[in-house]
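Numbering (my numbering), first residue to last: 6 to 660.
Here is the structure we will look at, set down as structure tokens.
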Amino acid sequence: MNQTTLQLLEFPKILEEIKTFALTETARQLLDQLKPSVNERQIQNWMDETTEARTMLGVNSSVPLPIMENIPEIMAKLGKGFVLAPQELESCGKLLEGVKRMVKYMEAMQTVAPRLASYAHSMFALDDLYDEITGAIVNQEVADRASSELYRIRRRMAVVEERIRQKLHDILRSDTYAHMLQDAIIQERNGRMVVPIQRQYRKKFSGTVVDTSSTGSTVFMEPAAVTRLQDEYSQLKSEEEAEVYRILTYLTGRVESYARELLINVETITHYDFVFAKAKYSQSLDMRPVQLNTSGVCDIKQGRHPLLGAKAVPLDFQIGQSHRALVITGPNTGGKTVTLKTVGLLTMMAQAGLHVPAEEGSEIAIFTDIIADIGDGQSMEQSLSTFSAHVRNILTMLTCADSRTLVLLDELGAGTDPAEGRGFAIAVLEQLFARGATIVATTHFGEIKEFARRTEGFVNGCMEFDPDSLQPLYKLKIGTWGDSHAFLIALKLGMDPALIDRAYEISYGKQMDFSLVSTEKLRDDTVIQEHQERVHAREEAEKNQARLERQRKYEKKELKVGDRVYISTMGRTGVVCEEENAKGDLVVLVLGKKYRINHKRLTLHIDREDLYPENYDLDIVLETKENRKKRKIMRKRHVEGVVIESRDDDILDPQ
Numbered sequence: 006m007n008q009t010t011l012q013l014l015e016f017p018k019i020l021e022e023i024k025t026f027a028l029t030e031t032a033r034q035l036l037d038q039l040k041p042s043v044n045e046r047q048i049q050n051w052m053d054e055t056t057e058a059r060t061m062l063g064v065n066s067s068v069p070l071p072i073m074e075n076i077p078e079i080m081a082k083l084g085k086g087f088v089l090a091p092q093e094l095e096s097c098g099k100l101l102e103g104v105k106r107m108v109k110y111m112e113a114m115q116t117v118a119p120r121l122a123s124y125a126h127s128m129f130a131l132d133d134l135y136d137e138i139t140g141a142i143v144n145q146e147v148a149d150r151a152s153s154e155l156y157r158i159r160r161r162m163a164v165v166e167e168r169i170r171q172k173l174h175d176i177l178r179s180d181t182y183a184h185m186l187q188d189a190i191i192q193e194r195n196g197r198m199v200v201p202i203q204r205q206y207r208k209k210f211s212g213t214v215v216d217t218s219s220t221g222s223t224v225f226m227e228p229a230a231v232t233r234l235q236d237e238y239s240q241l242k243s244e245e246e247a248e249v250y251r252i253l254t255y256l257t258g259r260v261e262s263y264a265r266e267l268l269i270n271v272e273t274i275t276h277y278d279f280v281f282a283k284a285k286y287s288q289s290l291d292m293r294p295v296q297l298n299t300s301g302v303c304d305i306k307q308g309r310h311p312l313l314g315a316k317a318v319p320l321d322f323q324i325g326q327s328h329r330a331l332v333i334t335g336p337n338t339g340g341k342t343v344t345l346k347t348v349g350l351l352t353m354m355a356q357a358g359l360h361v362p363a364e365e366g367s368e369i370a371i372f373t374d375i376i377a378d379i380g381d382g383q384s385m386e387q388s389l390s391t392f393s394a395h396v397r398n399i400l401t402m403l404t405c406a407d408s409r410t411l412v413l414l415d416e417l418g419a420g421t422d423p424a425e426g427r428g429f430a431i432a433v434l435e436q437l438f439a440r441g442a443t444i445v446a447t448t449h450f451g452e453i454k455e456f457a458r459r460t461e462g463f464v465n466g467c468m469e470f471d472p473d474s475l476q477p478l479y480k481l482k483i484g485t486w487g488d489s490h491a492f493l494i495a496l497k498l499g500m501d502p503a504l505i506d507r508a509y510e511i512s513y514g515k516q517m518d519f520s521l522v523s524t525e526k527l528r529d530d531t532v533i534q535e536h537q538e539r540v541h542a543r544e545e546a547e548k549n550q551a552r553l554e555r556q557r558k559y560e561k562k563e564l565k566v567g568d569r570v571y572i573s574t575m576g577r578t579g580v581v582c583e584e585e586n587a588k589g590d591l592v593v594l595v596l597g598k599k600y601r602i603n604h605k606r607l608t609l610h611i612d613r614e615d616l617y618p619e620n621y622d623l624d625i626v627l628e629t630k631e632n633r634k635k636r637k638i639m640r641k642r643h644v645e646g647v648v649i650e651s652r653d654d655d656i657l658d659p660q
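Below you can see the structure in the form of structure tokens.
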């Protein structure tokens, strides 16, 4: 698949949207690698998986997918001489616990989704390993019950520590030493329990100096009465560390012995997360599977561009049966380019096994390549003109196009002398058609419309236009051509009919008396004003209705961190990462960037309870990986120089 076209049609943005639904980093990496396929069987398998996952979400949206935090790093350590830390072993235990839940969930879904449920048969519960890990590791620490020897050592340590504290408390309460003490508290320095003694009494106090205060006025001394007990405690501490290391080494060996089974578990869970992320994305935009074919037939019913959100006008599009080339005409900003992008993007999505935003019964052809020339492609560095950029793209098309290629051409022949541009455009269309390509092209040139009308295999189409409101309708009508409506617009705005008569004669080589087209009525200010007021009133009514609907949706559900919301002003979705402040603003994560947006612009898209499993750590979605690592370190101990930065100036205001 042409990589330039993937970027041009914004397929990577679709993947970024889907990645927001994935729970594991491994699944996000898999989504980064997703590309449209040309293998019909593979595409159909992908599509069936997405369909089954979507069906499962409809039955039970709480899919118990394990999060697998740090599991890829742990798997990379196995067999390389590393001894796993208690928290890493605990992660392995949680993985196996998640496998059990997933297997049980899939058993209940066998009749609903037999293909996806069957994948769980390849997973390994490893009950013996799970029991050993959970029996030895508790709260990321090696438990006393991990071995009888560790239990004995720690019991003895507790006894010795209690005796040391008792003797130190006796010293602190003794009148003999009261005047020598700096503070009547037990402290720990260099792994030894000590009492703070005023410096001038260090020689009178029976014991050993372990440490000194920064000012030098206090010495921390270990009383001679507890030295033997402290030595015994230190010895026991060494024995404890050795036994803990032995247990961790043993458990690491047990994990390594099941490395293959664990890897299969990780791959299966990753695939499940990958598939369910696609299904959740399908659910979020009410998408559907489509029929696939290799005969070049596309029949898209009420298709919508997935990145336009609620602004997308449904598109009905057909090609490949009675015609293999479609030439679309219509006014500027009428939706011609959006139509090209919608057709191309929905085709790519279908070939990637994704559902598409279209109605039931839609059909999409599988193409070995999609080549697009959309936009002027100018480059200041390479000094390419608009026409030169088009020619370079078209050269690629003429070289690569065949009967399994979809060609998308925007404003073919533009950017040069109109007369030569028309001839060039028709010649290119003839050559591409002769090579068997499926063609969708847009143009303003009347000669190209006429060429399409009289050439077998070609058909005209137009973007509909409302002559009353002078507004495009963004709807494609196949079987007829349209025009730019320049003369009607000019007449409506008060241009002299005689001038428009002359312009029409120059353009079409025949005369037209525009004074007969209710000219005086069109030029009447009162009529125009009344018409504008009606249009304005209608628009205001629609805006008010939309505002009321958004308000009702917002009042119905208070937005929480983790909720997926639709942003009306941006026309896309995001995830709430900070709840509403006193001003009514929330912070929303959109494509990796944070925006401060008022609640009135937000509507609940998917509740966080339907997006994530129970007790899911939302920091995985909302925090950077670096900050999560820092936060984990800071929970355990203070580390000099480790700072988690969260600045308000990183939060953007939507344009």
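Beta carbons are placed, not taken as given, at the ideal position from N, Cα and C, and that holds for glycine.
Quick one: residues in its chain with C-beta nearer than 6 Å to the C-beta of residue i, no 5 flanking neighbours on either side, listed in chain order?
i      : result
LEU2   : The structure shown has nothing for residue 2, since the chain only spans 6 to 660.
LEU11  : none
ALA508 : none
For residue i, which residues in the same chain have their Cβ closer than 7 Å to its Cβ, ignoring the five residues on either side in sequence?
i      : result
LEU39  : LEU20, ALA357
ARG606 : ILE572, SER573, THR574
GLU166 : TYR238
PHE288 : It is worth fixing the name first, because residue 288 is Gln in this sequence and not Phe. Cβ within range, chain order: ARG59, LEU62.
LEU35  : THR275, PHE279
THR139 : GLY98
GLY212 : MET226, GLU227, PRO228, ALA229
ALA495 : ILE505
Alpha helix (DSSP H) containing residue i: first to last residue?
i      : result
GLY63  : 45-64
HIS328 : No alpha helix (DSSP H) holds HIS328; DSSP gives it neither H nor E.
TYR156 : 153-178
THR629 : Per DSSP, THR629 belongs to no alpha helix (DSSP H) and is neither H nor E.
HIS184 : Run containing HIS184: none; DSSP gives neither H nor E here.
VAL231 : 229-262
ASP133 : 132-141
GLU102 : 91-113
Going by Cα to Cα distance, which pick from the options is closest to residue i?
i      : options                        : result
ASN298 : ILE202, ALA317, GLY325         : GLY325
THR220 : GLU78, GLN203, LYS208          : GLN203
VAL199 : VAL224, ILE72, TYR182, ASP180  : VAL224
ALA27  : ASP132, SER153, ALA282         : ALA282
ALA81  : GLY258, LEU417, THR25, ALA264  : ALA264
LEU609 : LYS635, VAL581, VAL592         : VAL581
LEU616 : ARG150, GLU631, LEU596, VAL566 : VAL566
THR334 : LEU256, THR448, GLU261         : THR448
ILE611 : LEU564, ILE602, ASN586, ASN603 : LEU564
Is the separation between the beta-carbon of residue i and that of residue j shorter than 7 Å?
i      : j      : result
GLY340 : ALA377 : no
MET353 : VAL361 : no
ARG633 : ASP568 : no
LEU320 : GLY308 : yes
LYS599 : ILE656 : yes
ASP4   : GLY462 : With the chain running from 6 to 660 in the structure shown, residue 4 is simply not present.
ALA229 : LYS172 : no
THR275 : THR31  : yes
VAL332 : ILE453 : yes
LEU478 : VAL445 : no
THR254 : VAL64  : no
Under DSSP, the beta strand (DSSP E) around residue i begins and ends at which residues?
i      : result
ASN7   : It is not in any beta strand (DSSP E) - ASN7 carries neither H nor E in the DSSP assignment.
VAL348 : Run containing VAL348: none in the beta strand (DSSP E); it sits in the alpha helix (DSSP H), 341-356.
ARG197 : 197-203
LYS85  : Looking at the DSSP string, LYS85 is not in any beta strand (DSSP E), and its letter there is neither H nor E.
ALA377 : 374-378
VAL215 : 212-217
PHE450 : Unbroken run through PHE450: none, as it is neither H nor E.
GLN296 : 296-298
LYS306 : 303-308
Sorted by chain position, which residues of the same chain lie with C-beta nearer than 8 Å to residue i's C-beta, five sequence neighbours on each side aside?
i      : result
THR531 : With a pLDDT of only 43 at THR531, under the threshold of 50, the placement of this residue in the model should not be trusted; the figure read from the coordinates follows. Closer than 8 Å at the Cβ level, and outside the excluded window around THR531, lies no residue.
GLU365 : ARG293, LYS306
VAL302 : ILE324, GLY325, GLN326, GLU368, ALA370
TYR124 : MET111, THR273, HIS276, TYR277
GLU525 : With a pLDDT of 43 at GLU525, under the threshold of 50, the modelled position of this residue cannot be trusted; read the value that follows with caution. Once the five neighbours on either side are set aside, GLU525 has no close Cβ partner at all.
MET162 : TYR238, LEU241, LYS242, GLU245
List the whole-angstrom C-beta distance separating residue i from residue j, where the pair is believed to meet the contact cut-off of C-beta under 8 Å.
i      : j      : result
VAL68  : ASN270 : 16 Å between Cβ atoms; not a contact.
GLU146 : PRO77  : In fact, because the Cβ distance is near 24 Å, the residues do not count as touching under 8 Å.
ILE399 : LEU345 : The pair is not a contact, with the Cβ atoms about 15 Å apart (cut-off 8 Å).
Quick one: does the C-beta of residue i sit closer than 6 Å to a heavy atom of the ligand MG?
i      : result
TYR135 : Absence of the ligand MG is noted for the structure shown, with no ligands found whatsoever.
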